[in-house]
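If you use numbering that gives the first Met the number 0, the sequence shown corresponds to residues 0 to 98, in order. For each residue, glycine too, the CB sits at the ideal point set by N, CA and C. This one's a predicted model, so the numbers in the text were calculated from it and none came from an experiment. Everything on this sheet refers to the single structure shown next.
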Amino acid sequence: MVVTVVRSGGIAGMRREWRAEPAPDAVARWTALIDGCPWDDPPAVKHGADRYQWSIRARRDDAPVREVRLGDDSLAGPWRTLVDEVRAQSRPRRPDRAG
Numbered sequence: 000m001v002v003t004v005v006r007s008g009g010i011a012g013m014r015r016e017w018r019a020e021p022a023p024d025a026v027a028r029w030t031a032l033i034d035g036c037p038w039d040d041p042p043a044v045k046h047g048a049d050r051y052q053w054s055i056r057a058r059r060d061d062a063p064v065r066e067v068r069l070g071d072d073s074l075a076g077p078w079r080t081l082v083d084e085v086r087a088q089s090r091p092r093r094p095d096r097a098g
C-alpha cells in the first residue's frame, strides 16, 4: 500500500510531496482511511491565485488505484484526515539530542 499526496500552488508556487507506505500491521487502519474518502464524488476544484491544489493517490494491492485532485477549500473531513496521516507518516524524524 502506498499513499502519495502532492501539494502545489500557493504564493511561491512550490510543489511538496509526501508519501506513506504503512507497515503491514497498520494496513487495516489505512484501508479504513482510504475507503472513508468520497473518491467517486469529489468536490469541484476551484482555481484561483495563490491557492493550493492537492493531488491524492492511493494504491493498494487488492484494489484499483484511486486518484483525486482537490482545491485547498475542499480539503476537509476524511480528505483532511488522510492527508494529515500521510504527512505525519512521511515526516523525517529528528535525531535524539541526548547528552
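To the nearest whole angstrom, what separates the beta carbons of residue 68 and residue 53, a pair I think is in contact under 8 Å?
With 8 Å as the limit, residue 68 and residue 53 qualify as a contact, their Cβ atoms being about 7 Å apart.
For residue 99, which of helix, strand or coil comes out of DSSP?
Look at the range of the chain in this structure, 0 to 98, and you will see that residue 99 is not part of it.
Look at the alpha carbon of residue 88 and the alpha carbon of residue 18, and state the distance between them as a whole number of angstroms.
Looking at the two C-alpha atoms, the distance is approximately 8 Å.
Based on Cα-Cα distance, which residue from 36, 0, 20 lies nearest to residue 76?
The shortest C-alpha separation from residue 76 is found at 36.
Determine the closest residue to residue 10 out of 84, 28, 42, 51, with distance taken between C-alpha atoms.
Checked all of 84, 28, 42, 51; the closest Cα to residue 10 is 51.
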